[in-house]
DNA sequence: CGGATTCCTTGACCTGAGTCAATAATGGGG
DNA sequence: CCCCATTATTGACTCAGGTCAAGGAATCCG
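Residue numbers (my numbering), protein chains in the order written: chain A, 179 to 386; chain B, 179 to 386.
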């Protein structure tokens, strides 16, 4: 991973370009030529598609340290999805030619790039399982547990609208609302605005 | 892709091992050490997981020309899923060390391996969309359309049980049955045993 | 402060799809 | 050719979760 990041951040040898987007800014639209890959230095970017009825469906959400476009680059001529900054974001763009050159010339870069793609494949596989097998409730619990590192009692502060969390979980705000209420009635959490107090971590964990 | 296949099939330089499995044979179980990748030369292999209730869930189905284990190799120590031959199958196994050596020494191999992983990422993404956004009906239609290359009228011969097709589509046989019946009543297909005559390709296509 | 806008919750309702259970159809062996 | 096992269909039921619509709650701002 390291070699690749060094490469893309290096304005001299690597050839990565720094680009800054305000919250809501569009990195690219579906159909734009896929001529390079992106690295998120800071901020947050979401990738989404439109279905036939024009509804947005979130594909993935990128945080600092994530790459995007890496796979598309080798398969399609055009981006198949939309990319939009959720927060003010600083990203680095590496043009395809520069990447290919780097893969041949920079020792270790190919290996790190392979590792990156491999991680992505594994993550995607996990996502498929989650969508196919888990309920909204389970996905919500999983989300909460990853933000409260194992401690028995802790508080998760949402730094987003609930509608946004819903989209991340692959559902809608109404359903999220009902699930949060349910968990609260069962005494596992306590919701106050955008802060969620986890009162029974182990019981949450028992549901996976 | 080519370099990699040549490499894995070459008993001398590449170091791939030929392995043959009868229908129903187990290539590996979840938890087995992920010490190499597989290439399917002939036959058919399915990869599946168990959920907490012991139900099997199919992750992917591999046909001749497909690789698997390639991504897991770089991420986990153990296979996270089960692999089982659906038909008599001939596969080639390339040990991790051999692969790493090849990636460094064989020109073009790294690039082909990257392309392989990239394709996989894109396919997985499409699968996520399909599972998240499409109904069983849509997935069935998509399956039918890919086997009838655009011609107005043609017949798709299923070379498997309907229950198996159901699993491929991420559903169960009852639901598949109902969907086939529905499409037939709407006059788009004609089902006779395991052969499905597509009578109105364009109308199918209109539903995506 | 008070209106307006955005965000969140709730209820009523509907639909897709899974489960269970009961047949029907099919297809090999003996 | 018939019997049994596998495979396929059908019906009745249940449930998660989405849609629509109506209120609350919170927040922003002149």
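Positions of the beta carbon are idealized from the N, C-alpha and C atoms, including for glycine.
> What's the gap between the Cα of residue 276 of chain B and the Cα of residue 270 of chain B?
Replying inline: Residue 276 of chain B sits at position 98 when you count from the first residue of the second chain. Residue 270 of chain B sits at position 92 when you count from the first residue of the second chain. Going by the C-alpha atoms only, they are around 13 angstroms apart.
>> By the DSSP assignment, the alpha helix (DSSP H) with residue 295 of chain A in it spans what residues?
In response: The residue you call residue 295 of chain A lines up with position 117 of the first chain. It spans 287-311 - the alpha helix (DSSP H) in which residue 295 of chain A sits, taken as one unbroken run.
>> Which same chain residues end up closer than 7 angstroms to residue 341 of chain A when comparing Cβ atoms and leaving out the 5 residues on each side of it in sequence?
In response: Counting from 1 along the first chain, the entry for residue 341 of chain A is found at position 163. Contacts found: 351.
>> Please return the same chain residues whose Cβ sits closer than 8 angstroms to the Cβ of residue 332 of chain A, not counting the five positions on each side in sequence.
In response: Locating residue 332 of chain A in the first chain gives position 154, counting from the first residue. Counting only Cβ-Cβ distances below 8 angstroms, and skipping sequence neighbours, we find 326, 375, 376, 379.
> When the Cα of residue 366 of chain A is compared with those of A:267, A:358, A:310, which residue comes out closest?
Replying inline: Indexing the first chain from 1 puts residue 366 of chain A at position 188. Among A:267, A:358, A:310, the Cα nearest to that of residue 366 of chain A is on A:358.
>> By the three-class DSSP mapping on this structure, what secondary structure does residue 283 of chain A have?
In response: Position 105 of the first chain, counting from 1, holds the residue named residue 283 of chain A. Three-state result, residue 283 of chain A: helix.
>> Considering Cα atoms alone, identify which of B:237, B:253, B:205 is closest to residue 301 of chain B.
In response: Locating residue 301 of chain B in the second chain gives position 123, counting from the first residue. Residue B:237 is the option with its Cα nearest to residue 301 of chain B.
> Buried or exposed: where does residue 198 of chain A fall if 16 or more other Cβ atoms within 10 Å of its Cβ makes it buried?
Replying inline: As a first step, residue 198 of chain A must be located in the first chain, where it is residue number 20. Residue 198 of chain A should be labelled exposed.
>> Quick check: what's the CA-CA separation for residue 273 of chain B versus residue 280 of chain B?
In response: In the second chain, the residue the question calls residue 273 of chain B occupies position 95. In the second chain, the residue the question calls residue 280 of chain B occupies position 102. When the Cα atoms are used, residue 273 of chain B and residue 280 of chain B turn out to be separated by approximately 11 angstroms.
> According to DSSP, which residues form a beta bridge with residue 335 of chain B?
Replying inline: Residue numbering aside, residue 335 of chain B sits at position 157 when the second chain is read from its first letter. For residue 335 of chain B, DSSP records a beta bridge to B:373.
> Does the distance from the CB of residue 215 of chain B to the CB of residue 240 of chain B come in under 8 angstroms?
Replying inline: Taking the first residue of the second chain as 1, we reach residue 215 of chain B at position 37. Taking the first residue of the second chain as 1, we reach residue 240 of chain B at position 62. Not a contact, by the Cβ cut-off of 8 angstroms.
> For a contact meaning CB atoms closer than 7 angstroms, what does residue 274 of chain B contact in chain A?
Replying inline: Translated into the one-based positions of the second chain, residue 274 of chain B becomes position 96. Result: empty, since nearest Cβ-Cβ is about 12 angstroms, beyond 7 angstroms.
> Does the beta carbon of residue 185 of chain B sit closer than 8 angstroms to a beta carbon anywhere in chain A?
Replying inline: Residue mapping note: residue 185 of chain B aligns to position 7 of the second chain, counting from 1. By this cut-off, residue 185 of chain B is not an interface position.
>> Let me see if you follow: with CB-CB separation under 8 angstroms, is residue 307 of chain B close to chain A or not?
In response: The residue given as residue 307 of chain B occupies position 129 in the second chain. Closer than 8 angstroms to some Cβ of chain A, the Cβ of residue 307 of chain B qualifies, so yes.
> Can you tell me the Cα-Cα spacing of residue 245 of chain B and residue 297 of chain A, whole angstroms?
Replying inline: Position 67 of the second chain, counting from 1, holds the residue named residue 245 of chain B. Position 119 of the first chain, counting from 1, holds the residue named residue 297 of chain A. If you take the alpha carbons of residue 245 of chain B and residue 297 of chain A, they lie about 16 angstroms apart.
>> So with CB distances below 9 angstroms, who are the chain A contacts of residue 348 of chain B?
In response: For this step, residue 348 of chain B is matched to residue 170 along the second chain. Those within 9 angstroms of residue 348 of chain B in chain A are 310.
> Should residue 202 of chain A and residue 263 of chain A be called a contact, given that it needs their Cβ atoms to be closer than 8 angstroms?
Replying inline: The residue you call residue 202 of chain A lines up with position 24 of the first chain. The residue you call residue 263 of chain A lines up with position 85 of the first chain. Going by C-beta atoms, residue 202 of chain A is nearer than 8 angstroms to residue 263 of chain A.
> Under three-state DSSP, which class holds residue 350 of chain B?
Replying inline: If you number the second chain from 1, residue 350 of chain B lands on position 172. Looking at residue 350 of chain B - three-state DSSP - the assignment turns out to be coil, as it is neither helix nor strand.
> Which residue's Cα is closest to the Cα of residue 261 of chain B: B:371, B:369, B:180, B:210?
Replying inline: In the second chain, residue 261 of chain B corresponds to position 83, counting from 1. Per the Cα distances, B:210.
> Does any CB atom of chain B fall closer than 8 angstroms to the CB of residue 237 of chain A?
Replying inline: Position 59 of the first chain holds residue 237 of chain A. At least one chain B Cβ lies under 8 angstroms of residue 237 of chain A.
> Any idea what DSSP makes of residue 317 of chain B, helix, strand or coil?
Replying inline: As a position in the second chain, residue 317 of chain B is number 139, starting the count at 1. Three-state DSSP puts residue 317 of chain B in a helix.
> What's the call for residue 303 of chain B, buried or exposed, on a 16-neighbour Cβ count within 10 Å?
Replying inline: By 1-based counting over the second chain, the position of residue 303 of chain B is 125. Burial of residue 303 of chain B is indicated by the presence of at least 16 other C-beta atoms within 10 angstroms of its C-beta.
> Between the C-alpha atoms of residue 294 of chain B and residue 187 of chain B, what's the straight-line distance to the nearest angstrom?
Replying inline: In the second chain, the residue the question calls residue 294 of chain B occupies position 116. In the second chain, the residue the question calls residue 187 of chain B occupies position 9. Looking at the two C-alpha atoms, the distance is approximately 16 angstroms.
> What separation, rounded to the nearest whole angstrom, lies between the Cα atoms of residue 339 of chain B and residue 321 of chain B?
Replying inline: Along the second chain, one-based indexing puts residue 339 of chain B at 161. Along the second chain, one-based indexing puts residue 321 of chain B at 143. Distance between the alpha carbons of residue 339 of chain B and residue 321 of chain B: 15 angstroms.
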